[in-house]
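Enquirer:
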Amino acid sequence: MDAVREGATPVGGRARRSCLAVPGSSPKMLEKAQGLPADQVFLDLEDSVAPLAKPQARDNVVAALTGGDFTGKTRVVRVNDWTTEWTYRDVITVVEGAGDQLDCLMLPKVQTAEQVVALDLLLTQIERAIGLPVGRIGIEAQIENARGLVNVDAIASASARLETIIFGPADFMASIAMKSLVVGEQPAGYDVGDAYHYILMRILMAARAHDLQAIDGPYLQIRDLDGFARVAGRSAALGFDGKWVLHPDQIEAANRVYSPRQQDYDHAELILDAYAWHTSEVGGRRGAVMLGEEMIDEASRKMALVVAAKGRAAGMTRTSRFEPPSA
Ligand code: GLV
Ligand code: MG
């Protein structure tokens with residue numbers, strides 16, 4: 005796997021606050037995506053591409069990866085799922101044509117660990133055959149149906165190539181027969197909480213148990229930026245690392261929502277400095293101390309590390325400093 009990149013988050017290695025969907029059938033969009041400030045682009049061969057356009061889309065994606073410039077972005081291609089007739093040719097065409105310009109493949113509608121293993125094996129064969137380093141290309145697994153969610157623990161540990169588990173709300177809502185057509189919003193009639201809470205938490209637990217990132221899926225009302233930020237804010241609050249964006253206007257909101265707030269970033273850096281000082285010889289070797297009105301200890305340091313790492317990865321600068329108490 006690649007060395008940790010600039011912009012990396014503490015879990016999983018690569019920045020994925022905003023994951024931009026780009027239909028592989030549109031050379032115009034494949035071109036435009038290169039100049040947009042998304043952390044990740046995924047060039048799609050699946051549901052945004054009509055069946056008749058899929059062969060041409062494979063070639064477009066290879067051409068964009070080899071001839072384009074995606075510097076600073078995580079480069080991903082979403083292939084079709086294993087229940088179709090397209091998957092093997094998607095993988096072979098894209099990896100043989102542009103494997104050295106590819107960071108991950110995204111596998112949609114994953115239902116079992118074996119489906120991840122199958123992709124891992126196929127990738128390994130292609131890498132060997134064409135002389136690419138074996139195991140460098142990662143896998144992103146989309147959980148989009150009830151069977152996938154039930155098996156998510158096994159899926160999350162199926163391959164060392166796995167980097168993220170992704171929630172696919174649109175297909176998931178169809179899979180469980182949720183009584184709504186508005187992706188990401190609460191189904192009418194459900195007024196006692198968040199109808200997605202269990203699914204998000206289940207995915208997050210499986211991801212974290214295996215040191216993977218957890219990514220939230222699309223919000224289809226692309227003109228409603230407040231709605232996007234509200235829905236993204238929920239998964240960000242739980243700990244998700246990022247969300248899909250379907251339109252350039254959603255990118256800035258995703259990058260903001262999945263970065264810490266300035267005051268939280270400042271506070272995290274302050275906790276780290278204060279804890280380092282108080283536990284040191286000169287600070288009195290103390291493991292539980294007061295920082296202002298709050299008591300901090302080793303667990304506070306761990307929490308602060310997560311927030312500080314996300315802030316640093318997002319390029320934030322702190323606006324306050326720790327002053328050791330004068331003797
Ligand atoms: C994404 O693929 C979704 O189904 O929401
Ligand atoms: Mg889907």
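All you need for this note's numbering is the position in the sequence shown, starting with 1, plus 4. Yeah, the Cβ is synthetic: ideal placement off N, Cα and C, and Gly gets one too. Please read these numbers as outputs of a predicted model, since none were measured by experiment.
1) Mind checking whether the beta-carbon of GLU298 lies closer than 7 Å to any heavy atom of the ligand GLV?
2) Would DSSP call GLY101 helix, strand or coil?
3) Using a strict less-than 6 Å threshold between each residue's beta carbon and the heavy atoms of the ligand MG, what residues do you get?
4) For GLU118, which residues in the same chain have their Cβ closer than 8 Å to its Cβ, ignoring the five residues on either side in sequence?
5) In the DSSP assignment, find the unbroken alpha helix (DSSP H) run with ALA281 in it and report its ends.
6) Could you give the distance in angstroms between the alpha-carbon of ALA312 and the alpha-carbon of TYR269?
7) Can you find a heavy atom of the ligand GLV that lies under 7 Å from the Cβ of ALA146?
8) Please work out which residues of its chain come closer than 6 Å, Cβ to Cβ, to LYS247, disregarding the five sequence neighbours upstream and downstream, and give them in chain order.
9) Do ALA61 and GLY28 come within 8 Å of each other at the CB atom, strictly closer than that value?
10) Is any heavy atom of the ligand GLV found at a distance shorter than 7 Å from the C-beta of VAL187?
11) Using the beta-carbon count (16 or more within 10 Å), is MET299 buried or exposed?
12) Run the proximity test for PRO27: is its beta-carbon closer than 7 Å to any non-hydrogen atom belonging to the ligand GLV?
13) Please list the terminal residues of the continuous beta strand (DSSP E) segment that includes ILE169.
14) Locate the beta strand (DSSP E) running through ASP220, then write down its first and last residues.
15) Give me, in chain order, the residues of the same chain whose beta-carbon lies closer than 6 Å to that of ASP43; leave out the 5 immediate sequence neighbours on both sides.
16) Just to confirm my understanding: we take PHE1, look at its own chain, exclude 5 residues before and 5 after, and list those with CB closer than 7 Å. What are they?
17) Rounded C-beta distance between LEU111 and VAL83? I'm assuming under 8 Å.
18) Within 10 Å of its beta-carbon, does HIS282 have 16 or more other beta-carbons around it, so buried, or fewer, so exposed?
19) I need the straight-line Cα distance from GLY1 to ILE141, nearest angstrom please.
20) Considering only residues of the segment 29-57, which uninterrupted alpha helix (DSSP H) runs meet the minimum length of 4 residues and lie entirely inside it, listed in chain order?
21) If we call anything under 8 Å between Cβ atoms a contact, is ALA218 one with LEU208?
22) Excluding the 5 residues preceding and the 5 following THR168 in the sequence, name in chain order all residues of the same chain whose CB lies nearer than 6 Å to its CB.
23) Of all the options VAL120, ALA164, ALA133, which has the alpha carbon lying nearest to the alpha carbon of ILE147?
24) Comparing the CB of GLY319 with every heavy atom of the ligand GLV, is any distance shorter than 7 Å?
25) Can you name the start and end residues of the alpha helix (DSSP H) that THR128 belongs to?
26) Alpha helix (DSSP H) containing GLY231: first to last residue?
27) Determine the direct distance from the alpha carbon of ASP85 to that of THR91, and round the result to whole angstroms.
28) What are the start and end residues of the beta strand (DSSP E) that includes GLY246?
29) Since GLN146 is in the beta strand (DSSP E), which residue starts that stretch and which ends it?
Expert: On the basis of the coordinates in this document:
1) no
2) helix
3) ASP51, PRO112, GLU148, GLY172, ALA174, ASP175
4) ALA162
5) It should be noted that the sequence gives Trp, not Ala, for residue 281. TRP281 -> alpha helix (DSSP H) spans 266-283.
6) 6 Å
7) Residue identity check: residue 146 is Gln in the sequence provided, not Ala. It does: the Cβ of GLN146 is within 7 Å (strictly closer) of some heavy atom of the ligand GLV.
8) ASP220, ALA236, ALA258
9) yes
10) yes
11) exposed
12) no
13) 166-171
14) 217-220
15) ALA19, ARG20, ARG21, SER22
16) The structure shown does not extend to residue 1, since the chain is modelled only from 5 through 331, so no value can be given for it.
17) 7 Å
18) buried
19) No answer is possible for residue 1: the residues shown for the chain start at 5 and end at 331.
20) 31-36
21) yes
22) GLU144, LEU216, GLN217, ILE219
23) VAL120
24) no
25) 117-134
26) 229-242
27) 6 Å
28) 246-249
29) 142-147
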